[in-house]
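Residue numbers (the working numbering), protein chains in the order written: chain A, 16 to 142; chain B, 16 to 142; chain C, 16 to 142; chain D, 16 to 142.
Protein chains: 4
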Amino acid sequence: MSNTFHFPVQIYYEDTDFSGLVYHANYLKFFERAREHAIGREKLLHLWDAGIGFVVYKIELTYSEGAKFGDILDIRSTFELDGSYRLNFHQEAWLPDGKKAATKGLIQLVCIDGNGRLVPIPTDSLP
Amino acid sequence: MSNTFHFPVQIYYEDTDFSGLVYHANYLKFFERAREHAIGREKLLHLWDAGIGFVVYKIELTYSEGAKFGDILDIRSTFELDGSYRLNFHQEAWLPDGKKAATKGLIQLVCIDGNGRLVPIPTDSLP
Amino acid sequence: MSNTFHFPVQIYYEDTDFSGLVYHANYLKFFERAREHAIGREKLLHLWDAGIGFVVYKIELTYSEGAKFGDILDIRSTFELDGSYRLNFHQEAWLPDGKKAATKGLIQLVCIDGNGRLVPIPTDSLP
Amino acid sequence: MSNTFHFPVQIYYEDTDFSGLVYHANYLKFFERAREHAIGREKLLHLWDAGIGFVVYKIELTYSEGAKFGDILDIRSTFELDGSYRLNFHQEAWLPDGKKAATKGLIQLVCIDGNGRLVPIPTDSLP
Chain A
16 MSNTFHFPVQ
26 IYYEDTDFSG
36 LVYHANYLKF
46 FERAREHAIG
56 REKLLHLWDA
66 GIGFVVYKIE
76 LTYSEGAKFG
86 DILDIRSTFE
96 LDGSYRLNFH
106 QEAWLPDGKK
116 AATKGLIQLV
126 CIDGNGRLVP
136 IPTDSLP
Chain B
16 MSNTFHFPVQ
26 IYYEDTDFSG
36 LVYHANYLKF
46 FERAREHAIG
56 REKLLHLWDA
66 GIGFVVYKIE
76 LTYSEGAKFG
86 DILDIRSTFE
96 LDGSYRLNFH
106 QEAWLPDGKK
116 AATKGLIQLV
126 CIDGNGRLVP
136 IPTDSLP
Chain C
16 MSNTFHFPVQ
26 IYYEDTDFSG
36 LVYHANYLKF
46 FERAREHAIG
56 REKLLHLWDA
66 GIGFVVYKIE
76 LTYSEGAKFG
86 DILDIRSTFE
96 LDGSYRLNFH
106 QEAWLPDGKK
116 AATKGLIQLV
126 CIDGNGRLVP
136 IPTDSLP
Chain D
16 MSNTFHFPVQ
26 IYYEDTDFSG
36 LVYHANYLKF
46 FERAREHAIG
56 REKLLHLWDA
66 GIGFVVYKIE
76 LTYSEGAKFG
86 DILDIRSTFE
96 LDGSYRLNFH
106 QEAWLPDGKK
116 AATKGLIQLV
126 CIDGNGRLVP
136 IPTDSLP
């Protein structure tokens, strides 16, 4: 298991819905932004130029508490290889004064080439 | 288990990302639109006026195939009560010529009142 | 000026923000969906296969009234060629009981080829 | 006219569409994030608690060049009062090596109270 990678996300108007809280699907955006920073923009662009992209294969999410406008979430991410073809990210969104994760989940990624075929996770793409 | 509720979703520019396929988080939007139609807009507005709202508690999703611009997905939804406090939606997105679901998942909902407290699923809100 | 093309848009959770109303940027999504239906999905896919795409060049929008969850907007669109290279869409979002457009605007489109060069609007792409 | 406020926006998967570039409506999100940082999260929350919110009234946008995945845009914002009731933000998105703004626009804001009535721009809300 990797070290924990921290990434801050501030909640803007666009992230909320009329319930007053963050729209549930948007945590997947926050988690992806954090993954891109954990892996690194340069590495992702380099892989993409080589015709390889990460694709989300499986998601499990549990929501415990809602975030609201102006909150600054701490997205905490760790990852581990699951065989040669799967990369598991364990990701949590923490409120500033949270005693547990407000939202947590498992995001399982695979890699595909330009023809949509599975390729092994390029381990040199990992921090 | 309820009957299967069908809801069409056409893929627009806004739904795709630069990979050429639908952005993974957007299936949660499609599934929610389908749930709102399955339950019914009038019932949801009526519940909301009574201070009760559905909230997503848990999500499990598996992605098998990507949809692209111009595709018209058939969102297939069934649901069942899981005790008094949980409503499980089984939802799938099918491509027009699909042999299996392109994306499928379980979306578990709970109901909360205006103070954020859990309340039983109002069964008269179900079709 | 073309005939008026009508396209309905129901407001879902995803469209609103914590103010209780539709997030301002989302009207651009509604307007684009309406344009895609006005031009036609088949024609757009055919143009795209030929390496030609519509691109938004200029936008003017005025917001008079907000829409909320459950509202069903009537998007009214007309268009006209502005020279050979510009296509002007005049678009409005009407609330069910509206006395004037809730949001209205001008969306000016151009066409580009695969190298990002301007090409004339393919007039056979217009209804 | 205020000083220029700079705000960086990195382009993620979620921001792009299948054309390979940023989806046109998303610049409005970037501009709003920049405005929220220019005015300040604390001030906006304080105003909201007092029942006052900023609302977008008018938008003019011109798109010159597209941004793509991995780009880091510099959002440049200046603002000026236009009478007592309107606040004009002049906003531009610059690519790293841009010779002119990739996207630029005018976003005109008004303030409303809890009953949706226009109130003067609270000038102590401005930096």
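Backbone N, C-alpha and C define an ideal beta-carbon position, used for all residues, glycine too.
Cut-off 6 Å between Cβ atoms - residues of its own chain near residue i, not counting five sequence neighbours on either side
i	result
E107 of chain A	R91, A116, K119
E95 of chain B	M16, N103
T93 of chain D	M16, S17, T19, H105
D97 of chain D	N103
D64 of chain C	none
Y78 of chain D	T118
P142 of chain A	none
CB contact flag (residue i, residue j, <7 Å)
i	j	result
I74 of chain B	I122 of chain B	yes
L43 of chain A	A40 of chain B	yes
I136 of chain D	V70 of chain D	no
G85 of chain C	R56 of chain B	yes
A82 of chain D	L88 of chain D	yes
T31 of chain C	F20 of chain A	no
V134 of chain B	Y72 of chain B	no
F22 of chain B	H61 of chain B	no
Boundaries of the beta strand (DSSP E) in which residue i is found, first to last residue
i	result
I74 of chain C	68–78
L121 of chain B	118–127
E95 of chain C	87–97
Residues sharing a beta bridge with residue i, DSSP
i	result
P111 of chain A	Partner(s): none; P111 of chain A has no beta bridge.
D139 of chain A	According to DSSP, D139 of chain A bridges with nothing at all.
F22 of chain D	D:I90
H105 of chain A	A:T93, A:L121
K58 of chain D	DSSP, once it has assigned bridges, lists no residue as partnering K58 of chain D.
First through last residue of the alpha helix (DSSP H) which encompasses residue i
i	result
R48 of chain D	41–54
Close-in-space but distant-in-sequence residues of the same chain around residue i (CB under 7 Å, 5 per side omitted)
i	result
L110 of chain A	E80, A82, D86, L88, A117
G129 of chain B	G66
K59 of chain A	For the record, residue 59 of chain A in the displayed sequence is Leu; it is not Lys. Once the five neighbours on either side are set aside, the close Cβ partners of L59 of chain A are E51.
Y100 of chain C	V125, L133, P135, I136
S140 of chain B	I54, K58, L62
G131 of chain C	none
Neighbourhood of residue i by C-beta, 8 Å cutoff - its chain only, sequence neighbours within 5 removed
i	result
Y38 of chain B	D30, T31, D32
T138 of chain C	L96
Original post:
Is the segment 21–28 of chain D close to the segment 43–57 of chain A, with three or more CB pairs under 8 Å?
Top reply: As far as the Cβ criterion goes, the segment 21–28 of chain D touches the segment 43–57 of chain A, which means the pair count is three or higher.
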